[in-house]
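**Q** Which chain is which? The protein sequence lines are A and B, in order.
Residue numbers for the first sequence, in the numbering used here: 3 to 332.
Residue numbers for the second sequence, in the numbering used here: 3 to 332.
Number of protein chains: 2
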Amino acid sequence: MKQLANIRDVAKEAGVSVASVSRYLNKKGYISEEAKKKVQSAIELLGYKPNLVARSLSTKQTNLIGLIVPDITNPFFPELARAVEDVALSYGYTVILCNSDEEAEKEINYIEMLKQKYVAGFIVATNQLQASHYEDLDIPIVALDRMIHDSIPTVSSNNIEGARLGTSYLLEQNCQNIVFMRGPSGLGPADDRLAGFLEAIEGKDITSHIIECPFNFEHSERIAKKFLTEIEGIDGIFASTDVSAAGALKAAYSLGISVPSNVQIIGFDGIALAGMLTPGLTTVAQDIYKLGAIAMRMLIKKIEDIELDDKVIQVPVELVVRGTTRSELR
Amino acid sequence: MKQLANIRDVAKEAGVSVASVSRYLNKKGYISEEAKKKVQSAIELLGYKPNLVARSLSTKQTNLIGLIVPDITNPFFPELARAVEDVALSYGYTVILCNSDEEAEKEINYIEMLKQKYVAGFIVATNQLQASHYEDLDIPIVALDRMIHDSIPTVSSNNIEGARLGTSYLLEQNCQNIVFMRGPSGLGPADDRLAGFLEAIEGKDITSHIIECPFNFEHSERIAKKFLTEIEGIDGIFASTDVSAAGALKAAYSLGISVPSNVQIIGFDGIALAGMLTPGLTTVAQDIYKLGAIAMRMLIKKIEDIELDDKVIQVPVELVVRGTTRSELR
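1. Along chain B, which residues have their Cβ under 7 Å away from the Cβ of A:I98?
2. Report the three-state DSSP secondary structure of A:M149 (helix, strand or coil).
3. Indicate the three-state DSSP secondary structure (helix, strand or coil) for B:R328 in the structure shown.
4. Among A:V286, A:V319, A:K313 and A:S329, which has the Cα closest to the Cα of A:I154?
5. Just to make sure I have the definition right: I need the residues of chain A whose C-beta is within less than 8 Å of the C-beta of B:M278. Which are they?
6. Since A:N101 meets chain B, which of its residues come closer than 8 Å, beta carbon to beta carbon?
7. Which ranges would you report for the beta strand (DSSP E) in the segment 263 to 309 of chain B if only whole runs of at least 3 residues count?
8. Under 9 Å between beta-carbons, which chain B residues line up against A:P80? List them in chain order, please.
9. Any idea which residues DSSP pairs A:V71 with across the strands?
10. Name the one or two DSSP bridge partners that A:T209 has.
11. Report the start-end ranges of each beta strand (DSSP E) in the segment 202 to 247 of chain A that is 3 residues or longer and not cut off at the edges.
12. Quick one: which residues of the segment 180 to 192 of chain A get their C-beta closer than 9 Å to a C-beta of chain B? List them in chain order.
13. Closer than 7 Å by beta-carbon distance: list the chain A residues that pair up with B:Y50, in chain order.
14. Give the interface partners of A:Y255 over in chain B, defined as CB-CB distance under 8 Å, in chain order.
15. Within 9 Å (strictly less), CB to CB, does A:K119 reach chain B?
16. Would you say B:L66 reaches chain A, if we count a Cβ-Cβ gap shorter than 9 Å as a contact?
17. In terms of DSSP beta bridges, what is B:I9 paired with?
18. CA-CA distance, A:G337 and A:I273?
19. Please report how far the alpha carbon of A:S246 lies from the alpha carbon of B:A90, in whole angstroms.
20. For chain A, find out if any of its Cβ atoms is closer than 9 Å to the Cβ of B:L69; answer yes or no.
21. Ends of the alpha helix (DSSP H) at B:G168?
22. Which whole-angstrom value is the C-beta distance of A:E184 and A:I225, which I expect to be below 8 Å?
23. I'd like to know whether the C-beta of A:K119 is nearer than 9 Å to at least one C-beta of chain C.
24. Give a yes or no on contact between the segment 103 to 110 of chain B and the segment 75 to 82 of chain B, applying the rule of three or more CB pairs nearer than 8 Å.
25. Would B:I236 pass as a contact of B:V286 if the rule is Cβ separation under 9 Å?
26. For the alpha helix (DSSP H) holding A:Q118, just list the boundary residues, first then last.
27. Tell me the DSSP bridge mates of A:G123?
28. Could you check what DSSP says for A:I315 in three-state terms: helix, strand or coil?
29. Which two residues bound the contiguous alpha helix (DSSP H) that contains A:V86?
30. Measuring only from the beta carbon, is A:C177 closer than 8 Å to any heavy atom that is part of the ligand NAD?
31. Inspect the CB distances between the segment 40 to 49 of chain B and the segment 7 to 22 of chain B and report whether three or more fall short of 8 Å.
32. Applying the 10 Å Cβ sphere with the 16-neighbour rule, what's the burial state of B:N176?
33. Going by DSSP, what residues sit across from B:S158 in a beta bridge?
34. Can you tell me which of the three DSSP states A:I141 falls into?
35. Contact defined as beta carbons within less than 8 Å: I believe A:L146 pairs with A:V126. What is the distance between those atoms, to the nearest angstrom?
36. Measuring only between beta-carbons, confirm whether B:A287 sits less than 9 Å from chain A.
Dropping the structure here:
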């Protein structure tokens, strides 16, 4: 049986990159007129047919990307997924959405399923598995938001710096008695945010309380109600996520505690929700779209065997001041 | 070349449904011990290897589902996508996420791309295309949230009834001067919700204002600010989505208008956001998870050539009363 021409053959014949051929085929993204003509000639010459399933059999690779997130209904992840999908599409890739629910078994199950479909690569925004699971995989992977292992390229926000920034702002606003609602222990970004908080309060003459809290609205509301009732004189809350901060805001409201007059609240993430709350939530905003877009671009480089300039990319964060903190200027 | 055994051969040999074999292979969902043994024997007898790409070449079908939504960052859609993915996974299918941005060209592009990947079917929650585009497709499709054509199975909420319900509640709460923030004209659910509103106010001695508003927070906030400033004596707002209602709530807050004392607000959708706002948003809640799950089950039936009992399924809605409406009981 004659070997069918594949996209790599076309790229070689045309003297352009595989990504260019892919952009041409999918009519998405920029390709110069000159390259376009070269690709057209190569396709005709080789009799190339972009039958993607047949192609995946010969190259053992499809243009499918597996995106594994804990739960797409957690509002941080739709914004990430959107960026991943946008960039993927512009390079002719499509994205399979996988929710792991932070369960190792679901994560393994998905990886096995997608391996059988010859996915071209994975973006993994959850890390219930041992790094060894991924090392053995022999498929390009990029870790997003959480580090899996030194050997796996990682894109994340500068969480330590972000937590320092948020804490310093609460201190500037004269908070003396601060609760830090930390995320689940053992989870990379949550641990980093705690570290940043601790650094920022070191040596400061204030009272602080570290309270663990899952990334879930109802739990956060309940936990905040409890500590706002039991601990006297709290005047600042720094929540490790915007969803938890929203829970704290609602708890304060239901207890008749005025925000920001009595208690100031800062969240972390910068999701759309933060701007929809009343008052608007002051938050340490990640550039979520950029995180997803960079991760996808790194993955495409890995798939195409292009060396990465950096294996670990940290995206800067910024403080967005809204109505849950007092400000002399507002 | 000897024809490889496929999943249908295994099902036939074992005397069970394709769905059962799929559940067995993916170790997800219920399969009886007896069926399990039959499937195991059939797999051994036929030398079946669940190489999904090879299978898709022989059957011209993969177990990939294309899910086309307008925008996954609109918080209605992650909840839908989650349900679709959960049910898909339990039957051994995986979901490709596609954002159409309500652009016909993007929608067509995705459909063409996914056809080349031999997707088993589509769930379409957007409808920029003419029905004819889908009719010619010759791939199972289920329309979700919006009807495409009589010939295509559709799952949606009872939007007319929902709008009647919400409006009647505002009337019971003694609203006399109500703004209905309708969604984009020409969009099925938006038109139905307007129809329900108009039915409910017919013959009632109240003042009403119909104002068109996109499903977007910032636009909604701006539009609400405008009408709350320009129209005197508004005491009720019924927004066509929760996101728009959140915009109206924020607009009222920034104008110093108290909710619910001066203005009562009701949303529509029942997304998680509604419960996170302060005060919590009274809303006409769709059973979003159920919508997604039913659509996926219908699609699997279509893929497996099982006749559908009903081609159009309307899922009931319910009023969830929270803090943006006054209630004698609360």
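Don't be surprised by glycine CBs; every beta carbon is placed ideally from N, CA and C.
**A** So, to answer that:
1. T96, V97 and I98
2. Here A:M149 sits in coil by DSSP.
3. coil
4. The residue with the shortest Cα to Cα distance from A:I154 is A:K313.
5. F219, V245, A248, G249, K252, L275 and L279
6. Under the 8 Å cutoff, chain B gives R84, E87 and D88.
7. 266 to 271 and 284 to 287
8. Per Cβ cutoff of 9 Å: D73, I74, T75, N76, P77, F79, P80 and A83.
9. A:N101
10. A:N179
11. 209 to 214 and 238 to 241
12. none
13. Against chain A, a Cβ distance below 7 Å from B:Y50 picks out nothing, because the smallest value is about 13 Å.
14. T280 and P281
15. yes
16. yes
17. None; B:I9 has no bridge partner.
18. It is not possible to answer for residue 337 of chain A, since the shown part of chain A is limited to 3 through 332.
19. Roughly 30 Å between the two C-alpha positions.
20. yes
21. N161 to E174
22. According to the sequence shown, residue 184 of chain A is Arg rather than Glu. Not a contact, Cβ separation roughly 11 Å.
23. Of the protein chains in this structure, namely A and B, none is chain C.
24. Result no; under three Cβ-Cβ pairs closer than 8 Å.
25. It is not a contact, given that the beta carbons lie outside the stated cut-off.
26. From DSSP, the alpha helix (DSSP H) with A:Q118 extends over A106 to Q118.
27. Answer is A:I67, bridged to A:G123.
28. It is a strand residue.
29. A:V86 -> alpha helix (DSSP H) spans F78 to S92.
30. Within the structure as shown, the ligand NAD is missing, as the structure has no ligands at all.
31. yes
32. Label assigned to B:N176: exposed.
33. The beta-bridge partner set that DSSP reports for B:S158 consists of B:Q316.
34. coil
35. 7 Å
36. Any Cβ of chain A closer than 9 Å to the Cβ of B:A287 would place that residue at the interface, and such an atom is absent.
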